[in-house]
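Before any comments, here is the structure.
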Amino acid sequence: MMDYVWLIGRVLLSLIFIASGIGHLRNLRHTSQIAAAAGMPAPVLMGALASLLALLGGLSFAAGYRVEIGAILILLFLLPVTFTLHAFWKYPDAMERANHQAHFMKNVALIGGALVVFFHGAGPLSLG
């Protein structure tokens, strides 16, 4: 039974990265505008790269294949996004600050999830 719980948890964790990676690639113009507004260099390239990191990391988690590499990809996606795009302390408007703080904390929790998968691996029901 616990094997299935580990599989379900890993797949559920993967969904946000798969959905966001696909969504950001489909709307690369918007993704690159957000990156540019945050002051990222080469915003189109950075937006595409971030989207691919999320998508590939999520697919790795879902399949349970090379999840340590998948976790690193997800961390490479989340760390810069969290601290550049959701730097809530930079927003003077209370509503904007609260919105970005919620995204920041969500990303911190996802970083924790990626670290757990990195440490414990894919689990018994996996391709790895």
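Our numbering applies: residue 3 is where the sequence shown begins, and numbers increase by one. For every residue, glycine included, the Cβ atom is placed at its ideal position computed from N, Cα and C. Because the structure is a prediction, the values reported are computed rather than measured.
By the beta-carbon neighbour count (other beta carbons within 10 angstroms, threshold 16), residue 72 is buried. Scanning 61, 40, 47, 126 for the CA closest to the CA of residue 116 turns up 61. Closest in alpha carbon position to residue 76, among 10, 118, 7, 100, is 118. Contact check for residue 57 and residue 23: beta-carbon distance about 3 Å, within the 8 Å limit, so the pair qualifies.
Between the alpha carbons of residue 94 and residue 70 lies a distance of about 38 Å.
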